[in-house]
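Chemist:
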Amino acid sequence: MDMQKLEISPSEPIINLKAYTRAVLKNKWWISLVVLTITVLSAHYIAGLPPQYQATTSLLIKPEKDKAISIDDVYILDASKKEYLLTQFEILRSKAIAEEVIDQLDLANDPEFQLNGGGVLSQLKTTFRPLLPAANKKDELTEAQLTQAKKAKLIENFQKRISITPVNNTHVVKISFKSKSAALSAKIANKIADVFIQQQISKQLEVTDNAIVWLKDRLNQLRQDLDNSEFKLQNFRQNENLLDIEGVKSIAADELESLTASYLKAQEKRLSIESTALLVSTSSRDNIEATGSLAEISNHPVIREVKRAEIDAEKNLTLLAQRYGPKHPKIIAANAQLNALRDKLAIEIVKLSQGIEKDLTTAKENEKQLYQQLEKAKQNFQLISNKELSYLKLQHEVEANRKLYDIFLARLKETDIASDFNAGLVQVLDPAEVPLLPSSPNKMLYVGISAIATLILSIMVVITKQAINQQIKTPEEAETALSQKLLCFTPRLKSKYRTSKPGSWFTNSKCRAFAESIRSLRTGIALYNVDQQPKTIAVTSAIQGEGKSSIALNLALAYAPMGKTLLLEADLRRPSLSSALDLKDLNSGLSDVLATNCSIDQAIIRHCDSKLDVLLAGYIAPNPLELLSSNKFKSLLDELATRYDKIVIDTPPVLPVSDSLVLAQLVDSVVYVLRADSSKLNVVNKGLGRLNDADVQIAGVVLNEVNMKNSFFERHYSYTSYEAYPTKVAKA
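All residue numbers for the sequence shown refer to the UniProt record's numbering, where the first residue is 1 and numbers rise by one.
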């Protein structure tokens with residue numbers, strides 16, 4: 001039993017499209033009847049609907065206003081933007097437009113717009129109105145409130161009939177209105193356009209008048225601001241003695257620029273001398289030769305001249321040394337000359353070093369003086385800049401006030417001139433004409449929609465019913481929903497065979513499909529663990545009535561011809577194998593062997609129609625769980641395993657009791673039985689969950705009593721589909 005344990009997920013939803021399809025096909029006549037009935041009733045109702053006429057007016061909302069004069073309007077909107085067009089559509093649907101049209105055409109007194117509804121719905125409202133709390137509150141309203149509510153209802157009804165449709169990629173919008181009267185629909189559509197245009201013009205004139213008043217008030221204030229700013233600028237000039245601010249600032253800027261350049265040169269010179277002095281100071285004062293090797297010293301003209309004389313003296317000494325000895329007067333004179341030159345070189349190097357330090361002191365002093373002059377020039381320039389900033393601020397204020405004043409003055413004159421000229425953004429492109437044919441209802445379309453909707457709803461009802469029904473019906477559902485291997489499924493036998501003893505099903509020639517399914521189960525168990533064939537096989541189920549005992553019995557009968565086989569009835573609470581095998585008057589069984597001194601040989605019986613040995617449950621013990629958990633039962637099972645090739649154990653169901661959990665720990669393989677069209681998915685999963693929690697390895701499941709009358713099963717799952725193949729051998 002080295003197979004991996006499968007995880008059970010009882011809460012995971014299973015979507016089986018094939019099952020839903022079969023459910024729909026199974027209920028096709030019911031669906032057809034419902035669709036036909038609803039469609040006929042809908043057609044009768046739709047045929048009685050009054051015709052509706054729709055008239056349409058086309059409006060052009062221009063992207064910009066036509067201009068007869070080149071003066072901008074105060075009331076300007078960007079009509080090219082999408083937001084503007086959407087706003088106009090909402091205005092066309094607004095209550096203000098609807099109310100104005102209703103008042104101008106006196107639609108409140110038109111019979112079509114009277115709120116006295118008819119029909120079945122209105123009669124039901126009238127009948128049950130006294131029972132509604134809202135109706136009692138409505139009776140308490142005053143006459144003015146009732147009138148207002150009635151008008152609001154009329155406007156709402158009017159708005160529902162309006163249809164605003166923009167034409168794609170244009171500034172044209174179509175205004176449609178539905179009415180029972182063709183003439184009235186055209187009249188109202190045109191009136192909506194007229195009212196909308198008049199409101200646009202009125203709004204434009206109102207904005208223009210308000211703008212003129214506001215511009216005059218604002219212009220007076222701007223004149224005062226301009227005078228005040230000019231007065232402040234003149235006072236500042238006099239107080240600061242500023243005749244030419246640009247000339248003064250230019251002189252200060254030139255001075256600052258000159259001092260900055262001089263300071264930078266002095267700083268550069270100081271850094272250069274400072275670098276040379278640093279190199280000289282880092283050389284040892286006693287090491288004249290090291291100091292003289294510095295580039296700043298060695299490149300000096302005096303040093304270079306002395307060094308050339310020193311080199312010539314060395315060459316002369318070398319030539320004389322080739323002729324004379326060291327004490328020759330010429331050699332002595334040449335050495336004296338060379339030493340004198342070296343002393344002179346040392347003296348010159350010392351002088352240059354001291355001169356560099358003096359130059360550094362002078363450069364620092366010069367840099368300091370220039371820095372002080374530069375800072376003073378900066379302060380002077382900053383002072384002039386501050387005065388200029390204040391001056392420019394006052395000057396800009398004067399210019400801004402003057403410019404703003406001129407703009408408002410020009411705008412006031414333009415607005416005053418253009419106030420009498422109206423060129424709206426909206427115009428009627430095509431007025432509505434009286435429609436000749438009704439636009440709705442499209443009775444054939446409505447009937448078709450009714451039929452399709454009823455069909456979809458009926459199918460949804462069937463699918464919902466199928467989804468709610470958690471019974472497992474097909475092998476595919478069992479394998480998918482349980483995440484377990486399907487060992488086999490057994491067909492549902494005919495009634496005349498089901499009433500016979502289960503012990504006769506496997507050998508009955510009329511039950512060949514059932515016998516073949518049991519052989520498939522035997523093969524599936526063998527393939528469960530090919531390397532180590534199971535010897536002890538427990539058969540269990542979630543609850544009673546799944547057919548586990550019948551499966552265990554017939555599985556044992558299938559093993560019997562292949563070797564010594566024992567059928568062990570371990571269901572000590574509700575034994576049923578004695579009845580299934582038609583064995584009566586038996587006084588001993590498993591409980592007798594475990595609880596008394598009864599021997600195994602006395603309890604085991606041989607089934608007369610086969611080579612199968614059977615050990616029945618025996619008497620109903622009061623403590624079956626203790627018996628099955630005892631060491632004696634374990635020893636008994638071990639002893640039986642030495643006698644038989646296969647032991648099939650009929651165990652109690654998993655959920656009601658724990659006997660099967662104990663037995664499952666002692667066997668090589670467990671077969672889990674569920675009944676088609678009966679076993680609930682949640683119940684089956686709970687049983688598998690208990691086995692899983694007990695770390696029980698399950699070989700697979702058996703779907704018992706599958707309804708094979710369905711044509712789907714006949715095509716896909718028939719066990720007898722191979723029986724009709726010919727067996728003739730071809731001639732050589």
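From the three backbone atoms N, C-alpha and C, an ideal C-beta is built for every residue, glycine too.
In three-state terms, what does DSSP make of Asn529?
Modeler: In the sequence shown, residue 529 corresponds to position 529, counting from 1. Three-state DSSP puts Asn529 in coil, outside helix and strand.
Chemist: How many angstroms separate the CA atom of Leu17 from the CA atom of Ala478?
Modeler: In the sequence shown, counting from the first residue as 1, residue 17 sits at position 17. In the sequence shown, counting from the first residue as 1, residue 478 sits at position 478. Cα to Cα, the separation comes out at about 14 Å.
Chemist: Using DSSP bridges, identify the partner residues of Val172.
Modeler: Here residue 172 is taken as the residue at index 172 of the sequence shown, counted from 1. Here Val172 is bridged, per DSSP, to Leu60.
Chemist: So which of Pro301, Lys26 and Glu257 has the shortest CA-CA distance to Glu375?
Modeler: Within the sequence shown, residue 375 is the residue found at index 375, counting from 1. Nearest C-alpha to Glu375: Glu257.
Chemist: DSSP state of Ile620, grouped into three classes?
Modeler: Residue mapping note: residue 620 aligns to position 620 of the sequence shown, counting from 1. Coil, per DSSP.
Chemist: Give a yes or no on whether the C-beta atoms belonging to Val101 and Lys191 are separated by under 8 Å.
Modeler: Walking along the sequence shown from the start, residue 101 turns up at place 101. Walking along the sequence shown from the start, residue 191 turns up at place 191. Val101 places its beta carbon less than 8 Å from that of Lys191.
Chemist: Within the same chain, show all residues whose beta-carbon is closer than 6 Å to that of Ile649, passing over the 5 residues directly before and after it, in chain order.
Modeler: Walking along the sequence shown from the start, residue 649 turns up at place 649. Excluding positions up to five away in sequence, the list reads Ala538, Leu568 and Ala570.
Chemist: Decide if Lys178 is buried, meaning its Cβ has at least 16 other Cβ atoms within 10 Å, or exposed.
Modeler: Residue numbering aside, residue 178 sits at position 178 when the sequence shown is read from its first letter. The residue is buried, with at least 16 neighbouring Cβ atoms inside 10 Å.
Chemist: Which same chain residues, not among the five before or five after Ser578, have their C-beta less than 6 Å away from its C-beta?
Modeler: Indexing the sequence shown from 1 puts residue 578 at position 578. Excluding the 5 residues flanking it on each side, Ser578 has same chain C-beta neighbours closer than 6 Å at Leu616, in chain order.
Chemist: Helix or strand or just coil, what does DSSP make of Phe408?
Modeler: For this step, residue 408 is matched to residue 408 along the sequence shown. In this structure, Phe408 counts as helix in the three-state DSSP scheme.
Chemist: So, at 6 Å on beta carbons, what are the nonlocal neighbours of Val120 in its own chain, with the 5 sequence-adjacent residues on each side left out?
Modeler: As a position in the sequence shown, residue 120 is number 120, starting the count at 1. For Val120, the predicted model reports a pLDDT of 47, less than 50, meaning its position is unreliable; a value from the coordinates is still stated below. There are no such residues.
Chemist: Can Gln471 and Lys680 be called in contact, C-beta distance under 8 Å?
Modeler: By one-based count along the sequence shown, residue 471 stands at place 471. By one-based count along the sequence shown, residue 680 stands at place 680. The answer is yes: Cβ separation under 8 Å.
Chemist: Could you tell me which of Gln369, Leu445 and Arg308 sits nearest to Leu341, measuring between CA atoms?
Modeler: Numbered from its first residue, the sequence shown carries residue 341 at position 341. Ranking Gln369, Leu445 and Arg308 by Cα distance to Leu341 puts Arg308 first.
Chemist: Which one or two residues does DSSP pair with Phe177 in a beta bridge?
Modeler: To locate residue 177, count along the sequence shown from 1; it is residue 177. BP columns for Phe177 point to Ala55 and Ile162.
Chemist: First and last residue of the alpha helix (DSSP H) that includes Lys216?
Modeler: Looking up residue 216 in the sequence shown gives position 216. If you look at Lys216, you'll find it in the alpha helix (DSSP H) that goes Ala182 to Glu240.
Chemist: On the criterion of 16 or more Cβ atoms from any shown chain inside 10 Å, does His171 qualify as buried, or is it exposed?
Modeler: Position 171 of the sequence shown holds residue 171. The residue is buried, with at least 16 neighbouring Cβ atoms inside 10 Å.
Chemist: Quick check: Ala334 and Ile273, are their CB atoms within less than 8 Å of each other?
Modeler: Stepping through the sequence shown from its first residue, residue 334 is reached at position 334. Stepping through the sequence shown from its first residue, residue 273 is reached at position 273. No; because the gap between Cβ atoms is not below 8 Å, this pair is not in contact.
Chemist: Exposed or buried, His328, counting other C-beta atoms within 10 Å across all chains shown (16 or more means buried)?
Modeler: For the purposes of this step, residue 328 is taken as the residue at position 328 of the sequence shown. His328 comes out exposed.
Chemist: If you compare alpha carbons, which of Gln466, Ala513, Ala467 and Thr464 is closest to Cys488?
Modeler: Walking along the sequence shown from the start, residue 488 turns up at place 488. Of the candidates Gln466, Ala513, Ala467 and Thr464, the one whose C-alpha sits nearest the C-alpha of Cys488 is Ala513.
Chemist: If I follow the unbroken alpha helix (DSSP H) through Tyr84, where does it start and stop?
Modeler: Along the sequence shown, read from residue 1 onward, the residue named residue 84 stands at position 84. Its alpha helix (DSSP H) spans residues Lys82 to Leu92.
Chemist: Quick check: the Cα distance between Ser610 and Leu640, rounded to an integer number of angstroms?
Modeler: Residue 610 sits at position 610 when you count from the first residue of the sequence shown. Residue 640 sits at position 640 when you count from the first residue of the sequence shown. Taking the straight line from one Cα to the other gives about 19 Å.
Chemist: Under the rule that 16 or more other beta-carbon atoms within 10 Å means buried, what is Ile155, buried or exposed?
Modeler: Counted from its first residue, the sequence shown places residue 155 at position 155. It counts as buried.
Chemist: State the Cα-Cα distance for the pair Lys686 and Pro475, rounded to the nearest angstrom.
Modeler: Here residue 686 refers to the residue found at position 686 of the sequence shown. Here residue 475 refers to the residue found at position 475 of the sequence shown. Near 19 Å, if we compare the C-alpha coordinates of Pro475 and Lys686.
Chemist: Within its chain, find whatever has a CB closer than 7 Å to the CB of Leu47; leave out the 5 residues flanking it on each side and keep chain order.
Modeler: One-based indexing of the sequence shown puts residue 47 at position 47. Residue 47 is actually Ala in this sequence, not Leu. The answer, listed in chain order, is Lys443.
Chemist: With distances taken from CA atoms, which of Leu566, Asn210 and Lys330 is nearest Asp416?
Modeler: Within the sequence shown, numbered from 1, the residue matching residue 416 stands at position 416. Among Leu566, Asn210 and Lys330, the Cα nearest to that of Asp416 belongs to Asn210.
Chemist: DSSP three-state label for Pro491, please.
Modeler: Taking the first residue of the sequence shown as 1, we reach residue 491 at position 491. Pro491: strand per DSSP, three-state reduction.
Chemist: Does the segment 33 to 45 come within contact of the segment 441 to 458, defined as at least 3 CB pairs closer than 8 Å?
Modeler: Enough Cβ pairs lie closer than 8 Å, so yes.
Chemist: What residue from Leu636, Glu626, Arg643 and Asn235 has the CA that sits closest to Ser660's CA?
Modeler: Counting from one through the sequence shown, the residue named residue 660 turns up at place 660. Comparing Cα-Cα distances from Ser660 to each of Leu636, Glu626, Arg643 and Asn235, the minimum goes to Glu626.
Chemist: Ile452: buried (16+ other C-beta within 10 angstroms of its C-beta) or exposed?
Modeler: As a working mapping, residue 452 is identified with position 452 in the sequence shown. With fewer than 16 Cβ atoms within 10 Å of its Cβ, Ile452 is classed as exposed.
Chemist: Just reading off the alpha helix (DSSP H) that Ala694 is part of, what are its end residues?
Modeler: Taking the sequence shown and counting its residues from 1, the one referred to as residue 694 is at position 694. Here Ala694 belongs to no alpha helix (DSSP H), and DSSP marks it neither H nor E.
Chemist: Could you compute how far the alpha carbon of Pro534 sits from the alpha carbon of Ile468?
Modeler: For the purposes of this step, residue 534 is taken as the residue at position 534 of the sequence shown. For the purposes of this step, residue 468 is taken as the residue at position 468 of the sequence shown. Linking Pro534 to Ile468 through their CA atoms gives a straight-line distance of about 39 Å.
Chemist: On the criterion of 16 or more Cβ atoms from any shown chain inside 10 Å, does Asp695 qualify as buried, or is it exposed?
Modeler: Indexing the sequence shown from 1 puts residue 695 at position 695. Asp695 is exposed by the Cβ-count criterion.
Chemist: So, helix, strand or coil for Tyr672, using DSSP?
Modeler: Your numbering for residue 672 matches position 672 in the sequence shown. Three-state DSSP puts Tyr672 in a strand.
Chemist: Under DSSP, the alpha helix (DSSP H) around Glu477 begins and ends at which residues?
Modeler: The residue given as residue 477 occupies position 477 in the sequence shown. Element bounds for Glu477: Pro475 to Leu482.
Chemist: Beta-carbon separation of Asn401 and Asp225 under 8 Å?
Modeler: By 1-based counting over the sequence shown, the position of residue 401 is 401. By 1-based counting over the sequence shown, the position of residue 225 is 225. Yes.
Chemist: Please confirm whether Val657 and Arg573 have their CB atoms less than 8 Å apart.
Modeler: Stepping through the sequence shown from its first residue, residue 657 is reached at position 657. Stepping through the sequence shown from its first residue, residue 573 is reached at position 573. Yes, the pair counts as a contact, with Cβ atoms nearer than the cut-off.
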